[in-house]
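Worksheet for the structure shown next.
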Amino acid sequence: MAEIAVGIDLGTSNTCVSLMRDGEVQVLDNVYGERISASVVHFHEDGSVEVGNSAKAKVIHSPAETVASAKRLIGRYYFSEEVKKAQAVYAYEIVEAANHGVRIEIREEEFSLPEISAMVLREMKQIAERHTGEKVTKAVITVPAYFNDNQRQATKDAGRIAGLEVLRILNEPTAAALAYGFGMGLNQRVAVYDLGGGTFDISVLEIGKDIFEVLATCGDTFLGGDDFDDRIIDLLADDFIAEHGVNPRNDPYAFEKLKLAAENAKNQLSVDEEAHISIEDVLSNDDGEPLGVQRTITRSEFAILIQDLIQRTFKVCDEAMQQSDLTVRDLDGVILVGGPTRLSIIREAVTHYFQQEPRRDVDPDEVVSIGAAIHAASLVGEAQDAMLLDVTPLDLRIGVAGGLAEPVIERNTPVPIEQTRTFTTFQDHQESVQIRVYQGDHRIAEQNTLLGQFEFSGFEKGPRSNVKIDVTFEIDADGLVNVTASDQATGQQASTQITLSSGLDDEQIERIIQEDVAGRVTTAGMDDVVAASGATRETPGGHDTQASQAAPAPTSSEEPSGEPSLFGDGSTDFSLDRAKDQVGPSESDEADLELLDDDEMIQLTEESVAPDDPISLDTLVGQSEGDKGFLEPSREDLSSPDLELAEEDE
Ligand SMILES: Nc1ncnc2c1ncn2[C@@H]1O[C@H](COP(=O)(O)OP(=O)(O)OP(=O)(O)O)[C@@H](O)[C@H]1O
Ligand SMILES: [Mg+2]
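As structure tokens, then:
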């Protein structure tokens, strides 16, 4: 019998697990018969953890111990806009970890985002184990197509912490298209419009016989149904202030009540013309009497409230159509994914934009996990193979002089892809080179996401431009970025994966696996399975050795290198750790991302551009001999010749 590999749609709001066996895909329900579980993690006082819809219900009474929408934060830096927005909305404590990472603090314990997501994944693993009566250790996990490398890597880490071998990180729209067209022998061009709780993605795909080719994908990782809720919360809060003179937004308990009521009202508008909201005890007055709020909201009122948010999705659609060189008339179908697409306002707007009715035969809540399950089955030989040709959603860039970042691999380029550029040193007899890699669409380096920076040393020193360092940028099928540097003269080579901002290195992940953080998840109904399979019941805080063993052990090349050797410690080793260890010399707290802003050292040189390689952007990198810090480029260094070259290259 083929191995079991499940497909998991790890959503911002909801998570869904499916399994394909004997040619049939089944969406797996929990003991309560729920096929969709809220991606909410509630921490009990005894240390045990509850996940899903029952955990979501706890938010009203324990908002600070109940973590929702972790996906909005995964793979982010603490200083990012997204983290600030989340801090304004969620009652749980979001704190800064060393080197700009993000942690959630619950009852004086800190958890990384991959650990929180791992708890959701562990719940899915256990739901699957209850269904199969067997250990489930393999999964395909989906992510928004628009996720960057940091977010993808952090999701993969979450899988590993949950005790799952992540066979593939699959883009959600690709999964949806797979569920829609697998084995159908179609020949169609389709758009997948995916509006979830927290993210919006649009992808244009060409489906041929067993080939699913993404032509373009665009998205916004901070736009979704939660933003619709916020608009209703604003209305309710304004009403409440007008009536009682107190702002309920300032009270986490009151806010959670408004939020829940707003979400319910929104969802009701997908069925009814109007929704009535009535909360009797938003807050109490000084005499302990409850203060409430009532309001009726109609579909047309709601449409006005969210009009600009809907329009934002179509701006992204414009981009995707342009990138795919198609017009809406070229499309054979539109597939809707995500809870908010159940709203008639959205369906009508989509129909208007694409000039055709979206498909009605696709379940917007389950289609992504079904596609993930189909792909998982094909990866373990349980189903026939379909060729998935995906693209990278964001430019991969390299930092150059003047605080700019030049694209190395442009967005919407098919992946996997490998691109090699030749670099030379900035100065004669330079000892090491420093390279910064970004993902994003901006020419200004700091407006992109920093994936990593690394130093390469140990190459043969010589006059500037005699040194030739090949740097290979690779994006794999999971969308993960890998960088290899090699010296043509000495053959010295080093490679690493640029996976930085989850804030977890291999050692930390191993420790978390040993501590079995995910084992705290108590899944209803698991006792039956244990009885059936003879497996050990995972108790809160206990140790699940099988799950630990299932996680891949670190390979020697992945092993943490100890002290970061970025800043000219004379090491000849290429060193690239995660961002938390990367942003400065380990012993100095001053070292910070600020360093990355205006003292860029990589520059373009005209003479190093090989004449027979017009697209190759040779950059040169500066750290003067013996200089232990960054080199500040002189004004001349930033002047026009270098920049002109960059512009010509575009
Ligand atoms: N019937 C409905 N009408 C309107 N909105 C709904 C309905 N059902 C669910 N939603 C909303 O859909 C959102 C969740 O959608 P979904 O489960 O597709 O997101 P997700 O997959 O968790 O998120 P993402 O894909 O962004 O990671 C929530 O905002 C929820 O309130
Ligand atoms: Mg989703």
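Sequential numbering from 2 applies to the sequence shown in this note's numbering.
Note that beta-carbon positions come from the ideal geometry of N, C-alpha and C, so glycine has one too.
Note that the structure is a prediction, hence the values are computed from the model and not measured.
Cβ-heavy atom distance, residue i to ligand 1, below 7 Å
i, result
"N15", "yes"
"S271", "yes"
"E349", "no"
"S458", "no"
"L344", "yes"
"K258", "no"
"N31", "no"
"G197", "yes"
"K57", "no"
"S264", "First, the residue type needs correcting, since residue 264 is Glu and not Ser in the sequence shown. For ligand 1, at least one heavy atom lies less than 7 Å from the Cβ of E264."
"P359", "no"
Proximity test, residue i beta-carbon vs ligand 2 heavy atom, cut-off 7 Å
i, result
"V84", "no"
"D230", "no"
"D364", "no"
"E173", "yes"
"G164", "no"
"D479", "no"
Assigned secondary structure, residue i (DSSP; H/G/I helix, E/B strand, else coil)
i, result
"G48", "coil"
"H43", "strand"
"Q440", "strand"
"Q324", "helix"
"S70", "coil"
"A3", "coil"
"L168", "strand"
"D282", "strand"
"D158", "helix"
"E257", "helix"
"K629", "Unreliable positioning characterises K629 in this predicted model, as indicated by a pLDDT of 26, which lies under 50. The coordinate reading is nonetheless provided below. K629 falls in the coil class under three-state DSSP."
CB contact flag (residue i, residue j, <8 Å)
i, j, result
"R343", "P365", "yes"
"I117", "V60", "no"
"G220", "P359", "no"
"F315", "V283", "no"
"L390", "V215", "yes"
"F201", "G225", "yes"
"E274", "R313", "no"
"I371", "S19", "yes"
"V52", "V121", "yes"
"V392", "V369", "no"
"A1", "L165", "The shown model of the chain, from 2 to 651, leaves out residue 1, and the question about it has no answer."
"A737", "L114", "Given that the chain is displayed from residue 2 to residue 651, the structure contains no residue 737 and the question cannot be resolved."
"I311", "R232", "no"
"L397", "F474", "yes"
"T524", "Q27", "no"
"I280", "K258", "yes"
Buried or exposed by the 16-neighbour rule on C-beta atoms within 10 Å, applied to residue i
i, result
"A177", "buried"
"K157", "buried"
"R73", "buried"
"N31", "buried"
"E637", "With a pLDDT of only 31 at E637, under 50, the local geometry of the prediction cannot be trusted, and no value is derived from it."
"R131", "buried"
"R104", "buried"
"Y194", "buried"
"N188", "exposed"
"R412", "buried"
"T540", "Bear in mind that a pLDDT of 35 at T540, under 50, signals an unreliable position, so the model cannot answer this."
"K57", "buried"
"D593", "Since pLDDT at D593 reaches only 27, below the 50 mark, its modelled position is unreliable, and the value read off the structure follows with that caveat. With fewer than 16 other Cβ atoms within 10 Å, it is exposed."
"N251", "exposed"
"Q498", "Residue placement at Q498 is flagged as unreliable, the pLDDT there being 47, under the threshold of 50; the coordinate-derived value follows with that caveat. The residue in question, Q498, is buried, as its Cβ has 16 or more Cβ neighbours within 10 Å."
"I75", "buried"
"D600", "With a pLDDT of only 30 at D600, under the threshold of 50, the placement of this residue in the model should not be trusted, and no figure is reported."
Endpoints, the beta strand (DSSP E) within which residue i is located
i, result
"L390", "388-392"
"Y194", "189-196"
"N15", "15-22"
"G220", "212-221"
For residue i, the first and last residue of its enclosing alpha helix (DSSP H)
i, result
"Q356", "That residue, Q356, is in no alpha helix (DSSP H); it is neither H nor E in DSSP."
"D273", "From DSSP, D273 is part of no alpha helix (DSSP H); its letter is neither H nor E."
"A129", "114-133"
"F474", "Here F474 belongs to no alpha helix (DSSP H); instead the beta strand (DSSP E) covers 470-476."
"F229", "226-245"
"E511", "507-516"
"G12", "Unbroken run through G12: none, as it is neither H nor E."
"L380", "368-380"
"N652", "The chain is shown only over 2 to 651; residue 652 falls outside these bounds and no answer can be derived."
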